[in-house]
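Contents: one structure, followed by commentary.
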Amino acid sequence: MGKADLHTHTTASDGAYTPEDLLKYARKKGLQTISITDHDTIKGYLEAVEIAEKYGIEIISGIENTVIWKGKEVHLLAYGFDAKNDEILSLIYRQRNARKERMEIIVDQLQKQGLAINIDEVKAEARTGNIGRPHAAEVLKNKGYVTTVNEAFIRYLSFEKLNEVKAGYAGIDEVIDIFKKGGGVLSLAHPGPLYSSKEVQELVSLGIDGIECIHPSHSFSVQRIFTALAERENLLITGGSDFHGKGTSDYDPYFGIVTLGDQHVASLKRMIRRRVEFS
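Yeah, the sequence shown ends on 282 if you go by the numbering used here, and it's all consecutive.
In structure tokens form, the structure reads like this:
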């Protein structure tokens, strides 16, 4: 199986690489298995899976779901699901609309702070991809309100700054149920910077299959803590670089470096096969 990266993004959400460009770069970096986990869309995966064989790359279906848990946003990675499943496709459609509505609220909030930004500018930045905060950050940078995307997040777009924005994303229980019925396996994305140990325990108790232990935001000691938890709870260990390809993310240099080992990919595939059998 070789090196695997199970957390990547394309222009279908907030990445800079097209699906084909990502495949080319993955081959250059010596990756043999990837999952395109765009935010609340499988458009990038569907495009890439049609041409992956040409580049010698194995693709596992993937998505990074934005879900609501106790009033806060949580990101759940789903793998191996049936990309033609009607319930999954219906959920993705709802999530896309929730993203648009959320961005309209965010833009309104920024306007009230005196920033000359409008929703059409953010949509233009997103092009045909699923709209998100990074696109608003790019607009703010281009207009000179901030000098970097990171500064835009710190000053205007962090979860703390947007705590009054209520998104219409699906609840965590519904998302877990729908993806499992569609043959999917779920992993809690990059928990290190976001949740306390108690919150992680609560989240995995809801029926999540794994933890993204290997991620650029996790120091080696944090990685060991989550790996020990996953092993203790008999959960899958997943991981990847969270590559966006914009050159502005601290994670991008780790593409081809922060990877998942063969044994963990094999474990994921076994669980996917079992879930398909019983879904």
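Glycine included, each C-beta is placed from N, C-alpha and C at the ideal position. Computed from a prediction, not measured in an experiment: that's the story for all the values here.
Alpha helix (DSSP H) containing Asp123: first to last residue? Ile122 to Ala129
If Ile39 sits next to Gly5, beta carbons under 8 Å apart, how far is it from one beta carbon to the other, in whole angstroms? Actually they do not touch by this definition, with Cβ atoms about 17 Å apart.
Minimum C-alpha distance to Lys103 - residue among Pro219, Thr36, Thr151 and Val125: The shortest C-alpha separation from Lys103 is found at Val125.
For Val110, the nearest candidate out of Val261, Pro137 and Ile63 (CA to CA): Cα-wise, what sits closest to Val110 is Pro137.
Length of the line joining the Cα atoms of Glu141 and Ile91: Roughly 30 Å between the two C-alpha positions.
Other residues of its chain near Ala86: CB distance less than 6 Å, five sequence neighbours each side excluded: The answer, listed in chain order, is Ile45 and Ser64.
CB-CB under 8 Å to Gly135, same chain, minus the five flanking residues each way: which ones, in chain order? Correct list, in chain order: Ser16, Asp17, His42, Arg102, Met106 and Ala129.
Residues in its own chain within less than 7 Å of Asn88 by CB, not counting five upstream and five downstream? Gly185
Top-ranked residue by Cα proximity to Lys115, from Val77, Asn153, Leu165 and Gly132: Leu165
What does a CB cutoff of less than 7 Å around Asp176 pick up in its chain, not counting 5 residues either side in sequence? Leu209
Assess, as a yes-or-no matter, whether the segment 91–100 is touched by the segment 188–198 under the definition of 3 or more beta carbon pairs within less than 8 Å. no
From the DSSP output, which residues share a beta bridge with Val77? Val70
Who are the Cβ neighbours of Phe84 in its own chain at under 7 Å, not counting the five residues just before and after it? Ser64, Ile91, Phe182, Gly185, Gly186 and Gly187
If we count the other Cβ atoms within 10 Å of its Cβ and call it buried at 16 or more, is Glu53 buried or exposed? exposed
Assess, as a yes-or-no matter, whether the segment 226–238 is touched by the segment 252–265 under the definition of 3 or more beta carbon pairs within less than 8 Å. no
Length of the line joining the Cα atoms of Lys76 and Val70: The sequence shown places Glu at residue 76, not Lys. Each residue's Cα considered, the two are about 6 Å apart.
Beta carbon of Leu206, beta carbon of Tyr198: below 8 Å? yes
Give me the residue from Ile157, Lys249 and Ile240 with the minimum Cα distance to His12. Lys249
Asp212 vs His10 beta-carbon contact at 8 Å: It is not a contact, given that the beta carbons lie outside the stated cut-off.
With DSSP run on the structure shown, which of helix, strand or coil describes Gln35? Three-state DSSP puts Gln35 in a strand.
Euclidean distance between Cα positions of Val3 and Ile179: Because residue 3 is not part of the residues shown, which for the chain are 4 to 282, the question remains open.
Going straight from the alpha carbon of Asp98 to that of Leu25, what length do you get? In the sequence as presented, Asp is not what sits at residue 98; that position holds Gln. Annotation: Gln98 to Leu25 spans about 24 Å, alpha carbon to alpha carbon.
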